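Q:
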Amino acid sequence: MERRLKMANKKESTFISMVLTLFLVTFIASAALCYLYELTKGPIAASKLAKLNTAIMQVVPEFDNAPGEESFKIDVDGGTLEFFPARKNGELIGTAVSTFTNNGFSGNFKIMVGFLPDGTIHNISVLEHKETPGLGDKMQKNKSDWSVQFNGKNPVDFKLKVTKDGGDVDAITASTISSRAFCDAVDRAYKAYMEGGQK
Amino acid sequence: MSQWKNFSKGFFKENAVFVLFLGLCPTLGVTTSAINGLGMGLATTFVLTMSNLVVSLVKSQIPDKVRIPSFIVIIASFVTMVELLMQAYVPALFEQLGLFIPLIVVNCVVLGRAEAFASKNNVISSIIDGLGMGLGFAFALTILGGVREILGSGSIFGFKFIQGDGMLVFVLAPGAFIALGYLIVLVNKINKKTA
Numbered sequence: 000m001e002r003r004l005k006m007a008n009k010k011e012s013t014f015i016s017m018v019l020t021l022f023l024v025t026f027i028a029s030a031a032l033c034y035l036y037e038l039t040k041g042p043i044a045a046s047k048l049a050k051l052n053t054a055i056m057q058v059v060p061e062f063d064n065a066p067g068e069e070s071f072k073i074d075v076d077g078g079t080l081e082f083f084p085a086r087k088n089g090e091l092i093g094t095a096v097s098t099f100t101n102n103g104f105s106g107n108f109k110i111m112v113g114f115l116p117d118g119t120i121h122n123i124s125v126l127e128h129k130e131t132p133g134l135g136d137k138m139q140k141n142k143s144d145w146s147v148q149f150n151g152k153n154p155v156d157f158k159l160k161v162t163k164d165g166g167d168v169d170a171i172t173a174s175t176i177s178s179r180a181f182c183d184a185v186d187r188a189y190k191a192y193m194e195g196g197q198k
Numbered sequence: 000m001s002q003w004k005n006f007s008k009g010f011f012k013e014n015a016v017f018v019l020f021l022g023l024c025p026t027l028g029v030t031t032s033a034i035n036g037l038g039m040g041l042a043t044t045f046v047l048t049m050s051n052l053v054v055s056l057v058k059s060q061i062p063d064k065v066r067i068p069s070f071i072v073i074i075a076s077f078v079t080m081v082e083l084l085m086q087a088y089v090p091a092l093f094e095q096l097g098l099f100i101p102l103i104v105v106n107c108v109v110l111g112r113a114e115a116f117a118s119k120n121n122v123i124s125s126i127i128d129g130l131g132m133g134l135g136f137a138f139a140l141t142i143l144g145g146v147r148e149i150l151g152s153g154s155i156f157g158f159k160f161i162q163g164d165g166m167l168v169f170v171l172a173p174g175a176f177i178a179l180g181y182l183i184v185l186v187n188k189i190n191k192k193t194a
């Protein structure tokens with residue numbers, strides 16, 4: 000009984016009613032999304048900035064400027080490196096470089112390398128990666144101390160290659176490919192930094 | 000059917016994951032840890048409840064021939080809302096779930112409930128159905144995520160209780176299938192007993 004009543008109430012599928020319904024549904028949906036987009040724009044930008052700042056803070060000495068606002072980009076090897084100069088009292092004390100490699104075990108990954116003005120590596124943090132859990136992901140600081148070996152080394156006398164390839168970097172056990180890719184990313188950042196990244 | 004039955008069917012009798020086998024893509028994809036499963040489940044619950052509510056409100060105004068596109072637009076709007084809100088207020092969780100949030104749109108549980116339940120029932124029943132099915136989905140994902148996290152990384156909700164790595168296969172894709180398979184056996188056994 001109830002069902003038959005409902006069927007009778009149902010709008011018929013005529014051309015006009017279908018067009019009108021779809022128009023109204025999409026119109027109301029877009030209006031609601033517009034409003035919410037405006038509402039969340041501020042907080043989203045703020046949380047992105049906070050994330051960037053923590054990533055920079057981890058890899059360079061203490062600074063008092065806003066590296067995110069002074070950032071500049073350099074294109075190399077088909078990708079883009081982003082430089083974040085960190086200053087204290089107006090003087091350059093280090094630069095955080097967001098760099099990448101395409102040679103990871105599961106494609107590309109991104110890391111942030113902090114250089115002191117003379118090119119010495121201060122610290123490195125991993126931004127995003129898809130390497131194998133338990134093996135390649137040991138490059139993350141919270142998984143193992145592997146990447147600490149780069150800290151305080153200057154690539155002038157520290158060859159950015161794994162020992163197997165005649166370099167000075169001890170590879171992660173069973174993750175030579177990830178380790179090589181990591182060195183590749185650091186090396187790319189270092190070269191670009193020495194060729195005009197010091198601003 | 001009483002409203003309590005309507006609500007509780009989502010947990011065991013008609014559980015989206017363990018019994019209906021709907022929405023398996025996010026189920027297998029995000030459940031590397033209990034917290035990821037719970038986050039994904041709650042996001043889906045929100046979308047499911049809201050879309051059920053709206054669909055059942057407008058059901059008599061929508062001509063039959065355009066009902067699927069209309070439902071999809073409604074669902075997609077709520078998914079985009081969840082995405083924006085998570086990005087703004089829980090960025091850490093959003094980063095973990097990332098790609099899978101927009102994919103809620105094509106989660107068959109959501110459209111399935113809109114089409115099979117909300118478009119035929121009143122508003123109150125539809126909301127309760129959405130809540131029940133959604134929380135049942137969240138429950139399944141949390142259990143699966145918990146099992147995989149305990150076996151795979153030796154922790155639960157991020158608290159580590161054994162040092163080093165666990166059985167890593169459970170964090171990887173094959174582990175998702177293995178763990179889900181055994182959980183389905185278990186749930187079927189429980190359902191058989193109570194039925």
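Chains as they are written, first to last, in numbering that gives the first Met the number 0: chain A, 0 to 198; chain B, 0 to 194.
We put the CB at the ideal spot given by N, CA and C, even for glycine.
All of these numbers come straight from a predicted model, not from anything done at the bench.
1. Go through the segment 24-91 of chain B residue by residue and report every complete run of the alpha helix (DSSP H) that reaches 4 residues or more, in order.
2. Should residue 124 of chain B be flagged as near chain A, meaning a C-beta pair shorter than 7 Å?
3. Does the beta carbon of residue 162 of chain B come closer than 7 Å to any beta carbon on chain A?
4. Would you mind telling me which residues of chain B sit closer than 7 Å to residue 17 of chain A, beta carbon to beta carbon, in chain order?
5. What residues from the segment 32-57 of chain A come within 7 Å of chain B, judged by C-beta to C-beta, listed N to C?
6. Would you kindly check if the distance between the Cβ of residue 98 of chain A and the Cβ of residue 184 of chain A is under 7 Å?
7. Report the neighbours of residue 80 of chain B on chain A: residues whose CB is nearer than 8 Å to its CB, in chain order.
8. For the segment 174-181 of chain B against the segment 74-83 of chain B, are there 3 or more C-beta pairs whose distance is under 8 Å?
9. Going by DSSP in three states, residue 197 of chain B sits in which element: helix, strand or coil?
10. Taking the alpha-carbon positions, what's the residue 187 of chain B to residue 143 of chain B distance?
11. Counting pairs of Cβ atoms below 8 Å between the segment 146-161 of chain A and the segment 178-192 of chain A, do you hit three or more?
12. To be precise: take each residue of the segment 140-151 of chain A, compare its Cβ to all Cβ atoms of chain B, and keep it if any distance is under 8 Å. Which residues remain?
13. Given a threshold of 16 other Cβ atoms within 10 Å of its Cβ, counted over all protein chains shown, does residue 59 of chain B qualify as buried or as exposed?
14. Within 10 angstroms of the Cβ of residue 11 of chain A, are there 16 or more other Cβ atoms? Answer buried if so, exposed if not.
15. Since residue 52 of chain A contacts residue 67 of chain A with CB under 8 Å, what's their CB separation in whole angstroms?
16. By alpha-carbon positions, which one of B:150, B:137 and B:27 ends up nearest to residue 43 of chain B?
17. In chain order, what are the residue ranges of uninterrupted beta strand (DSSP E) at least 3 long that sit wholly in the segment 50-108 of chain A?
18. Within 8 Å, do at least three Cβ pairs link the segment 135-153 of chain A to the segment 118-126 of chain A?
19. Please report the residue range of the alpha helix (DSSP H) in which residue 125 of chain B lies.
20. Once you ignore the five residues that flank residue 3 of chain A on each side, which residues in its own chain have a CB closer than 8 Å to its CB?
21. So who's on the other strand from residue 125 of chain A, going by DSSP bridges?
22. Does the count of Cβ pairs from the segment 40-56 of chain B and the segment 94-114 of chain B closer than 8 Å reach three?
23. May I ask you to report which of helix, strand or coil DSSP gives residue 27 of chain A?
24. Determine the contact status of residue 155 of chain A and residue 113 of chain A, defining contact as a CB-CB distance below 7 Å.
25. Taking the alpha carbon of residue 101 of chain B as the point to measure from, which residue in B:71, B:125, B:67 and B:160 has its own alpha carbon closest?
26. Just the Cα atoms here: how many angstroms apart are residue 16 of chain B and residue 141 of chain B?
27. From residue 197 of chain B to residue 30 of chain B, what distance separates their C-alpha atoms?
28. If you run the structure through DSSP and keep just helix, strand and coil, what is residue 202 of chain A?
29. Compare the C-beta of residue 14 of chain A against all C-beta atoms of chain B and say whether one is closer than 7 Å.
30. What number of angstroms, rounded off, separates the C-alpha of residue 117 of chain A from the C-alpha of residue 87 of chain B?
31. Distance cutoff 7 Å, beta carbons only. Does residue 87 of chain B sit that close to anything in chain A?
32. Are any of the Cβ atoms in chain B nearer than 7 Å to that of residue 28 of chain A?
33. Since residue 148 of chain B and residue 7 of chain B are thought to touch, with beta carbons under 8 Å apart, how far apart are those beta carbons, to the nearest angstrom?
34. If you draw a straight line from the alpha carbon of residue 81 of chain A to that of residue 171 of chain A, how long is it in whole angstroms?
35. Tell me whether residue 158 of chain B sits in a helix, a strand or coil according to DSSP, three-state version.
36. Flag this pair as yes or no: are the beta carbons of residue 195 of chain B and residue 92 of chain B separated by less than 7 Å?
A: The answer reads as follows:
1. Qualifying alpha helix (DSSP H) stretches, in chain order: 33-57 and 66-88.
2. Chain A has no Cβ within less than 7 Å of the Cβ of residue 124 of chain B.
3. Interface residue (Cβ-Cβ distance to chain A less than 7 Å): residue 162 of chain B is not classified as such.
4. At a C-beta separation below 7 Å, residue 17 of chain A has these neighbours in chain B: 62, 64 and 65.
5. Here the close residues are 32, 35, 36, 39, 42, 43, 46 and 50.
6. Between residue 184 of chain A and residue 98 of chain A, the C-beta spacing is below 7 Å.
7. Simply 31, 32 and 35.
8. Flag = no, the segment 174-181 of chain B and the segment 74-83 of chain B do not touch.
9. Since the first residue shown for chain B is 0 and the last is 194, residue 197 of chain B is missing from the structure and cannot be characterised.
10. Computed Cα separation, rounded: 15 Å.
11. Of all C-beta pairs linking the segment 146-161 of chain A to the segment 178-192 of chain A, three or more are shorter than 8 Å, placing the two stretches in contact.
12. If the cut-off is 8 Å between Cβ atoms, the segment 140-151 of chain A has nothing near chain B.
13. By the neighbour-count rule (16 or more Cβ atoms within 10 Å), residue 59 of chain B is not buried but exposed.
14. A residue is called buried when at least 16 other Cβ atoms come within 10 angstroms of its Cβ; residue 11 of chain A does not meet this threshold and is exposed.
15. Taking a contact as a CB-CB distance under 8 Å, the pair residue 52 of chain A and residue 67 of chain A counts as one, their CB atoms being some 7 Å apart.
16. For residue 43 of chain B, the nearest C-alpha among the options comes from B:137.
17. Listed in chain order, the complete beta strand (DSSP E) runs (minimum 3 residues) inside the segment 50-108 of chain A are 71-75, 78-87 and 90-103.
18. When Cβ pairs closer than 8 Å are counted between the two stretches, the segment 118-126 of chain A is seen to touch the segment 135-153 of chain A, the count reaching three or more.
19. Bounds of the alpha helix (DSSP H) holding residue 125 of chain B are 122-152.
20. Any reading at residue 3 of chain A must be qualified, since the residue scores a pLDDT of 43, below 50, and its modelled position is unreliable; the value itself is stated next. Taking residue 3 of chain A as the centre and dropping the five residues before and after it, the same chain places no C-beta closer than 8 Å to its C-beta.
21. Under DSSP, residue 125 of chain A forms a beta bridge with A:110.
22. Yes, the segment 40-56 of chain B is in contact with the segment 94-114 of chain B.
23. DSSP places residue 27 of chain A within a helical segment (H, G or I) once states are collapsed to three.
24. A distance of 7 Å or more separates the beta carbons of residue 155 of chain A and residue 113 of chain A.
25. Out of B:71, B:125, B:67 and B:160, B:71 has the C-alpha closest to the C-alpha of residue 101 of chain B.
26. Going from the Cα of residue 16 of chain B to the Cα of residue 141 of chain B covers about 11 Å.
27. Residue 197 of chain B is absent from the structure shown; chain B starts at 0 and stops at 194.
28. Any question about residue 202 of chain A goes unanswered here, given that chain A covers just 0 to 198.
29. No, residue 14 of chain A does not count as interfacial toward chain B.
30. Taking the CA atoms as reference points, residue 117 of chain A sits about 38 Å from residue 87 of chain B.
31. The beta carbon of residue 87 of chain B sits closer than 7 Å to some beta carbon of chain A.
32. Chain B contact via Cβ: present.
33. Actually they are not in contact, since the Cβ atoms of residue 148 of chain B and residue 7 of chain B sit about 26 Å apart, beyond 8 Å.
34. Roughly 27 Å separates the two Cα atoms.
35. In the three-state scheme derived from DSSP, where H, G and I count as helix and E and B as strand, residue 158 of chain B is classed as strand.
36. A question about residue 195 of chain B goes unanswered here, because the residues of chain B that appear run from 0 up to 194.
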